[in-house]
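All residue numbers for the sequence shown refer to the UniProt record's numbering, where the first residue is 1 and numbers rise by one. For glycine and all other residues, C-beta sits at the position ideal for the given N, C-alpha and C. Below: one structure, written as structure tokens.
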Amino acid sequence: MRLVIVTDAWQPQVNGVVRCLQKMVEILTAGGDEVTVLAPHLFRTWPCPSYPEIRLAVTTPRRIAELLDAARADHIHIATEGPLGLMARHYCVKGRLAFTTSYHTKFPEYLAARLPVPIAWGYAYMRWFHNAGAGCMVATPSLEADLRARGINHLMRWSRGVDAELFRPRPDCDLGLPRPLFLYVGRVSVEKNLEAFLSLDLPGTKVVVGDGPARQDLEARFGDVRFLGTLEGEALARAYAGCDVFVFPSLTDTFGNVLLEALASGLPVAAFPVTGPKDVIVDPGAGVLDEDLRRAALGALSLRGEDARALALRFSWEASAAAFRANIVSVHCRPVAAESLPEHEQSSIAL
């Protein structure tokens, strides 16, 4: 099939959303599908307020419509709720095209952490955005239950995967730091709740891999923490393998691909019992979930790396891509009935 993925998150951004979408493109293309990515790299961009590392596309609905017309897509998947996602949604609604969306980030909580915007307003926007589609893909059972309770419909399951060949135990890895080593990998930003990890009284060394708008402040305040910056490929894999416990302090992630990378590397996980960790860490031998993050981190020290990796091996990118494609096929080119859309939008799709 000819598939267009519309996303406001793409290279050179380094995050779980980009990594996941890249794997979908890679695997589906290898299987014979024709995949086009409509992302900010195709347009002029401007920096996202308060997060300049993220670049937002500057374009028009007319230009997006021209590109989507030219793609002659069998299906359009809208991965994000940003400017490009909004314009693609408008195109699909106006043309009465069935489309799918995906829910990667707890955007209402993310926004509320940065601006005085009530979470309820964010979820009103989420309902408006996603309920116009034929299906909204979510990664975990707990996220599905949460979104259904908030009035988001047509939910479809789409889990994640891990490259277990790249991310694996490597006994020869040594970061040369006092052990035990407690590792965080991800964006260094306020919504990741990183301070909850960095402020813990733990033995050994805390290590942070990643970058973001909060790094300079946190690096100045926590002088005992080793900030290694952004790492990719072999360098990232070796950083995982050289540590002892992976600490995941986020309260707003919907899955956390880094959880699988850590587990595959033989690192037990310490996290709060929230969406993402409680869906991934289903084997008590692979991690500790506790409202007391220090207790979780210390408890994870006693767990076996073999059990952590065994859990990660239950996930694969091939299975993730198969689920993604199956969701699309289930709504493939099915017209959207006007009565299924919000009333104020029904007039906009008249032929």
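With a threshold of 16 other CB atoms inside 10 Å of the CB of residue i, please say whether the residue is buried or exposed.
| i | result |
| --- | --- |
| residue 357 | Summary: the structure shown does not reach residue 357, with the chain confined to residues 1 through 351, and so no result is reported for it. |
| S348 | Bear in mind that a pLDDT of 34 at S348, under 50, signals an unreliable position, so the number given afterwards is only what the model happens to contain. It counts as exposed. |
| H75 | buried |
| S102 | buried |
| W12 | It should be noted that the sequence gives Pro, not Trp, for residue 12. Counting Cβ neighbours within 10 Å, P12 comes out exposed, since fewer than 16 surround it. |
| D217 | exposed |
| R309 | buried |
| S330 | exposed |
| P40 | buried |
| P249 | buried |
| V208 | buried |
State the Cα-Cα distance for the pair residue i and residue j, rounded to the nearest angstrom.
| i | j | result |
| --- | --- | --- |
| F197 | P52 | 24 Å |
| G276 | A323 | 18 Å |
| R221 | A30 | 47 Å |
| L301 | A145 | 32 Å |
| A271 | L67 | 43 Å |
| R114 | T45 | 21 Å |
| H104 | P61 | 23 Å |
| D33 | R295 | 47 Å |
| L183 | P47 | 29 Å |
| K23 | R226 | 30 Å |
| A337 | A120 | No answer about A337 holds up, because its pLDDT of 42 lies below 50 and its placement is not dependable. |
| R72 | A88 | 14 Å |
Do residue j and residue i have their beta-carbon atoms positioned less than 8 Å apart in this structure?
| i | j | result |
| --- | --- | --- |
| M110 | T7 | Note on residue identity: the sequence assigns Tyr, not Met, to residue 110. Cβ distance not < 8 Å, so Y110 and T7 don't count as in contact. |
| L313 | V280 | no |
| G161 | A319 | yes |
| R187 | N15 | yes |
| G242 | L181 | yes |
| F99 | H77 | yes |
| R168 | S265 | yes |
| R150 | Y125 | no |
| T254 | T140 | yes |
| L236 | P268 | no |
| V17 | L28 | no |
Report task. Ignoring anything shorter than 4 residues or poking outside the stretch 270-315, list the alpha helix (DSSP H) runs there in chain order. Result -> Those alpha helix (DSSP H) runs which fall completely within the stretch 270-315 and span 4+ residues are 277-280, 293-300, 305-312.
Report task. Scan the stretch 118-191 and note each continuous alpha helix (DSSP H) run of 4 residues or more that stays entirely inside, going in chain order. Result -> 119-130, 141-149, all fully within the stretch 118-191.
Requested in this report: Please specify which runs of the beta strand (DSSP E), each continuous and at least 3 residues long, are wholly inside the stretch 30-84, giving them in chain order.
Outcome: Fully contained in the stretch 30-84 are the following beta strand (DSSP E) runs of length 3 or more, in chain order: 34-38, 44-48, 51-58, 75-78.
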